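A.B. asks: Okay, handing you the structure first.
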Amino acid sequence: MRICVFLSAADLDDRYTRPAREFAELLGKGGHTLVWGGSDVGLMKVVADGVEKAGGRLCGVSVDFLAAKARAGVDEMVVARDLAERKRLLLEKSDAVVIMVGGTGTLDEATEILELKKHGHTDKPVVLLNTAGFYDGLKEQFRRMEDEGFLPRPLTDLLFFAQEPVGALAYLEESQGIV
């Protein structure tokens, strides 16, 4: 499976890097391909290192203004003209999406895939990996959107909330018929 991971390029502490490494190892050992922003810094590097070390493949999608931070020696690297093209390519090249901890860029990518799912433009499984309760507030906001009628589909149709990396990958593999 080609799994797109939206995540931060920031250097973060162990409560975020440990689960990221664990997910990366599971992804690589499962023979999957990481599709990610292509960066070789911060949490993006942690995940790419882990996938590569565990035997997985790497497909990066960078963007012109970040190309200097792109990881060298990957299986595939594409450099998009702008962020809109980058998001489109990340989704085109993947079978599923995992949203890990991140800032505004990660949130932008996450809401784009959820909006596409909401309107039936994709049926890719989406997992929000809620490491260390990072997305508790967002989860509450999504539930409020659902409860108050802002979502035309049940929240469970749009995404799966996972607390641990093993649950995230298990959900994706099950959704794709991989056991």
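Start counting the sequence shown at 167; every next residue gets the next number (this note's numbering).
Just so you know, even glycine gets a beta-carbon here, dropped at the ideal spot from N, CA and C.
Treat the numbers as computed from the prediction; the structure is a model and nothing was measured.
1) Compare the C-beta of D261 with all C-beta atoms of chain B and state if any pair is closer than 8 Å.
2) Taking only runs that begin and end inside the stretch 178 to 206, name each unbroken alpha helix (DSSP H) of 4 or more residues, in chain order.
3) Per DSSP, what kind of secondary structure is M311 in: helix, strand or coil?
4) From R181 to T297, what distance separates their C-alpha atoms?
5) Where does E339 fall in DSSP's three states?
6) I'd like to check one pair, D230 with V245: are the Cβ atoms closer than 8 Å?
7) When you compare the CB positions of S205 and S228, do they come within less than 8 Å of one another, or not?
C.D. replies: Put simply:
1) Here there is only one protein chain, and chain B is not present.
2) 180 to 195
3) The residue labelled residue 311 in the question sits at position 145 within the sequence shown. M311 falls in the helix class under three-state DSSP.
4) As a working mapping, residue 181 is identified with position 15 in the sequence shown. As a working mapping, residue 297 is identified with position 131 in the sequence shown. Taken atom to atom, the span from the alpha-carbon of R181 to that of T297 is near 8 Å.
5) Taking the sequence shown and counting its residues from 1, one reaches residue 339 at position 173. When secondary structure is reduced to three states using DSSP, E339 falls in the helix class.
6) The count along the sequence shown starts at 1 and reaches residue 245 at position 79. The count along the sequence shown starts at 1 and reaches residue 230 at position 64. Yes; because the gap between Cβ atoms is below 8 Å, this pair is in contact.
7) Counted from its first residue, the sequence shown places residue 205 at position 39. Counted from its first residue, the sequence shown places residue 228 at position 62. Yes, these two residues count as a Cβ contact at 8 Å.
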